[in-house]
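K.L.:
Here it is, the structure in full.
4 protein chains.
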Amino acid sequence: MGALAAGIARETLAAEKYFPVKADQSLFETINRVKDPANKTPLEKSHGPVITAPKTVKAGEPFAVEVSVGEVVHSMGPAHWIEFIELNIGNEPAARVDFQPRGYASPKATFTVVLTKESAPSGKVTLIAHQRCNLHGYWEGSLDVTVT
Amino acid sequence: MGALAAGIARETLAAEKYFPVKADQSLFETINRVKDPANKTPLEKSHGPVITAPKTVKAGEPFAVEVSVGEVVHSMGPAHWIEFIELNIGNEPAARVDFQPRGYASPKATFTVVLTKESAPSGKVTLIAHQRCNLHGYWEGSLDVTVT
Amino acid sequence: MGALAAGIARETLAAEKYFPVKADQSLFETINRVKDPANKTPLEKSHGPVITAPKTVKAGEPFAVEVSVGEVVHSMGPAHWIEFIELNIGNEPAARVDFQPRGYASPKATFTVVLTKESAPSGKVTLIAHQRCNLHGYWEGSLDVTVT
Amino acid sequence: MGALAAGIARETLAAEKYFPVKADQSLFETINRVKDPANKTPLEKSHGPVITAPKTVKAGEPFAVEVSVGEVVHSMGPAHWIEFIELNIGNEPAARVDFQPRGYASPKATFTVVLTKESAPSGKVTLIAHQRCNLHGYWEGSLDVTVT
Chain F
533 MGALAAGIAR
543 ETLAAEKYFP
553 VKADQSLFET
563 INRVKDPANK
573 TPLEKSHGPV
583 ITAPKTVKAG
593 EPFAVEVSVG
603 EVVHSMGPAH
613 WIEFIELNIG
623 NEPAARVDFQ
633 PRGYASPKAT
643 FTVVLTKESA
653 PSGKVTLIAH
663 QRCNLHGYWE
673 GSLDVTVT
Chain E
533 MGALAAGIAR
543 ETLAAEKYFP
553 VKADQSLFET
563 INRVKDPANK
573 TPLEKSHGPV
583 ITAPKTVKAG
593 EPFAVEVSVG
603 EVVHSMGPAH
613 WIEFIELNIG
623 NEPAARVDFQ
633 PRGYASPKAT
643 FTVVLTKESA
653 PSGKVTLIAH
663 QRCNLHGYWE
673 GSLDVTVT
Chain W
533 MGALAAGIAR
543 ETLAAEKYFP
553 VKADQSLFET
563 INRVKDPANK
573 TPLEKSHGPV
583 ITAPKTVKAG
593 EPFAVEVSVG
603 EVVHSMGPAH
613 WIEFIELNIG
623 NEPAARVDFQ
633 PRGYASPKAT
643 FTVVLTKESA
653 PSGKVTLIAH
663 QRCNLHGYWE
673 GSLDVTVT
Chain D
533 MGALAAGIAR
543 ETLAAEKYFP
553 VKADQSLFET
563 INRVKDPANK
573 TPLEKSHGPV
583 ITAPKTVKAG
593 EPFAVEVSVG
603 EVVHSMGPAH
613 WIEFIELNIG
623 NEPAARVDFQ
633 PRGYASPKAT
643 FTVVLTKESA
653 PSGKVTLIAH
663 QRCNLHGYWE
673 GSLDVTVT
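Residue numbers (my numbering), protein chains in the order written: chain F, 533 to 680; chain E, 533 to 680; chain W, 533 to 680; chain D, 533 to 680.
Written out as structure tokens, the structure is:
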């Protein structure tokens, strides 16, 4: 089976990688997502990006989009830190915040987003946030917004 | 006089640069700042970063820092746009937001900042925001915060 | 089976996302890699990051790491472009180049890397390059380097 | 005199800023440039971006642009490091490399640049490189290229 075979291939690849720091390599092999929002694991609670935005917005009018890593904000320090938060409007990049390991800024930020009718041909867009943790890999959170 | 001579030298250098787009080269020769906050020019109103933060904060406790380019938020489009907003704690980089010329995000963002006693040896730090406009160069805004 | 179920779940999620531009959503659901380097598809040829670096390097001595997206360098333009190339030393971020959709720079860059003995506890490290294409998602290429 | 008065105003502003680390604040008040390329100071030697590129290039054909901070490559470490190298085609941003304070990558990189006739309306463009050092501020190097 395609997906199964690919899963096995990925684990093999992961096993062959050399990291400077001991980390769970499988977290670096894919884009991680919270599996069950009603029952988050501790790792998902601290790493899954949480997007807060209005359910419905007006085309051409700016609105605030807060992205937090995670529902408990991730700590920051040279040994374990969040490198960036990336905000995409579906497939299109919108903005990205880069953080410093020293930790003057915590991984929570608010963007000012403006959507046009053209950016939501179906009447909806999916806000997609990514973050990267040096020990726990890539994570994604998403939220649909209706554009009127 | 040193400063005067340097001023002349800078203008000479500026005159010798070749830009793809017609722009006021002197705005690219230095870090621009609002000269008189009580009497901003239209260019200063749309380009000077405006920082909003508490006057006094507690060491170790996160607080919000909003940075807006400028007091009227700058428009975004492929021909004229804001590339980034950079937030520094005095000399130390804290975070930076990169924007896209397509303009899904407007150049206004809120960071979550945490200051320690060590980051404010004098009891104060200066928050320094930079932005870069493709037609109007580098701009700086700053705000002092007391850390208790 | 876990991997198979996860594959199905991912496709369902993908189907529910709203993108401004028509794109193959499955490419945005995971980190894409070249499946068979000896038989690359056209998409893999133009999107898989290709890393060129020495097989063996000396600790403490700088060496060049070229990353190209892909073996035929990807074109750049506002409608279809490469947002960034990210270079990691295993799990640790090393450097990232951000590009502009206007395309003054092509998605090929050379970094100057220095590895210490501590960065290669096993004697090897994996250089991992990521890129993001606005129409074809996240891609990874990797290369092992021996550190003596 | 305008330039002289501005010089004095800038020094006053600088004196009023609060930095976490003891640093020469005047280096953060402007964009620093090498004053006399034939007689660089030690600070200029280690901080002035050095651009290496062909004198003449053909429109539409990619060429390599190396940027090094500085002629002796700047060291990297959490206490003193180079945050980024930014490459502009005159007033237009082309690409930027972000570095990590841990120092897996040194501040020297090669970009692949493509210039069109439109990007050089006068037949020449100025490549402008910026870098930021957490202790020694913003620096610029530039180089003119003829486009045929």
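Yeah, the Cβ is synthetic: ideal placement off N, Cα and C, and Gly gets one too.
Give the secondary structure of Lys-577 of chain D by DSSP, where H, G and I count as helix, E and B as strand, and everything else as coil.
P.N.:
Correct three-state label for Lys-577 of chain D: helix.
K.L.:
Which residues bound the beta strand (DSSP E) around Ser-638 of chain F?
P.N.:
That run of the beta strand (DSSP E) goes 637–645.
K.L.:
Tell me, to the nearest whole angstrom, how far the beta carbon of Thr-678 of chain F is from that of Lys-649 of chain F; I am working on the premise that it is less than 8 Å.
P.N.:
Wrong, their Cβ atoms sit about 12 Å apart, outside the cutoff.
K.L.:
List the whole-angstrom C-beta distance separating Lys-577 of chain F from Glu-603 of chain F, where the pair is believed to meet the contact cut-off of C-beta under 8 Å.
P.N.:
Contact holds; Cβ gap of about 5 Å.
K.L.:
What are the boundary residues of the beta strand (DSSP E) that includes Gln-632 of chain W?
P.N.:
That residue, Gln-632 of chain W, is in no beta strand (DSSP E); it is neither H nor E in DSSP.
K.L.:
Short of 6 Å in beta carbon distance, which residues of its chain neighbour His-668 of chain F, apart from the five on each side in sequence? Order them along the chain.
P.N.:
Taken in chain order, the residues that qualify are Leu-559, His-579.
K.L.:
What residues in its chain sit with their C-beta under 6 Å from that of Ser-674 of chain D, if we drop five residues either side in the sequence?
P.N.:
So the qualifying residues of the chain are Thr-658, Ile-660.
K.L.:
Just the Cα atoms here: how many angstroms apart are Ala-652 of chain D and Thr-573 of chain D?
P.N.:
When rounded, the distance between both Cα atoms is 33 Å.
K.L.:
Excluding the five sequence neighbours on either side, which residues of its own chain have a C-beta within less than 6 Å of the C-beta of His-606 of chain D, listed in chain order?
P.N.:
Around His-606 of chain D: Ser-578, Ile-614, Pro-639.
K.L.:
I need the DSSP call for Pro-653 of chain E, collapsed to helix, strand or coil.
P.N.:
In this structure, Pro-653 of chain E counts as coil in the three-state DSSP scheme.
K.L.:
So which residues on chain E does Gly-746 of chain D lean against when the C-beta distance must stay under 7 Å?
P.N.:
Residue 746 of chain D is absent from the model: chain D starts at 533 and stops at 680.
K.L.:
Taking C-beta pairs closer than 9 Å, name the residues in chain C that Pro-610 of chain W reaches, listed in chain order.
P.N.:
In the structure shown, chain C cannot be found, because the protein chains are F, E, W and D.
K.L.:
In angstroms with no decimal places, state the Cα-to-Cα distance between Ser-654 of chain F and Tyr-550 of chain W.
P.N.:
Cα to Cα, Ser-654 of chain F sits roughly 7 Å from Tyr-550 of chain W.
K.L.:
In three-state DSSP terms, what is Phe-551 of chain W?
P.N.:
Looking at Phe-551 of chain W - three-state DSSP - the assignment turns out to be coil, as it is neither helix nor strand.
K.L.:
Can you find a C-beta in chain W that's less than 8 Å from the C-beta of Asp-676 of chain E?
P.N.:
Answer no: the Cβ-Cβ gap between Asp-676 of chain E and chain W never drops below 8 Å.
K.L.:
Between the segment 640–655 of chain F and chain W, which residues of the former have CB atoms less than 8 Å from a CB of the latter, in chain order?
P.N.:
If the cut-off is 8 Å between Cβ atoms, the segment 640–655 of chain F has Glu-650, Ser-651, Ala-652, Pro-653, Ser-654 near chain W.
K.L.:
Measure the Cβ-Cβ separation of Val-601 of chain E and Ala-637 of chain F and say whether it is below 8 Å.
P.N.:
It is not a contact, given that the beta carbons lie outside the stated cut-off.
K.L.:
For Leu-575 of chain E and Ala-641 of chain F, I'd like the C-alpha separation in whole angstroms.
P.N.:
Approximately 27 Å, taken between the alpha carbons.
K.L.:
Phe-676 of chain D lies in the beta strand (DSSP E); which residues open and close that run?
P.N.:
The amino acid at residue 676 of chain D is misidentified as Phe; the sequence shows Asp. Per DSSP, Asp-676 of chain D belongs to the beta strand (DSSP E) from 669–679.
K.L.:
Based on Cα-Cα distance, which residue from W:Val-553, W:Lys-554, W:Pro-581, W:Ala-570 lies nearest to Asn-564 of chain W?
P.N.:
Cα-wise, what sits closest to Asn-564 of chain W is W:Pro-581.
K.L.:
Taking only the alpha-carbon atoms, compute the straight-line gap between Ile-583 of chain F and Val-599 of chain F and give it to the nearest angstrom.
P.N.:
The straight-line gap from Cα to Cα measures roughly 5 Å.
K.L.:
How many Å lie between Asn-620 of chain E and Ala-626 of chain E at the Cα?
P.N.:
Going from the Cα of Asn-620 of chain E to the Cα of Ala-626 of chain E covers about 5 Å.
K.L.:
Does chain E have any CB closer than 8 Å to the CB of His-662 of chain W?
P.N.:
Not closer than 8 Å to any Cβ of chain E, the Cβ of His-662 of chain W fails to qualify, so no.
K.L.:
May I have the straight-line CA-CA distance separating Thr-588 of chain W from Gly-635 of chain D, to the nearest angstrom?
P.N.:
Cα to Cα, Thr-588 of chain W sits roughly 19 Å from Gly-635 of chain D.
K.L.:
If you compare alpha carbons, which of D:Phe-643, D:Gln-632, D:Glu-624, D:Phe-595 is closest to Arg-664 of chain D?
P.N.:
Among D:Phe-643, D:Gln-632, D:Glu-624, D:Phe-595, the Cα nearest to that of Arg-664 of chain D is on D:Gln-632.
K.L.:
In the DSSP output, what is Asn-620 of chain E paired with across the bridge?
P.N.:
Per DSSP, E:Pro-625, E:Ile-660.
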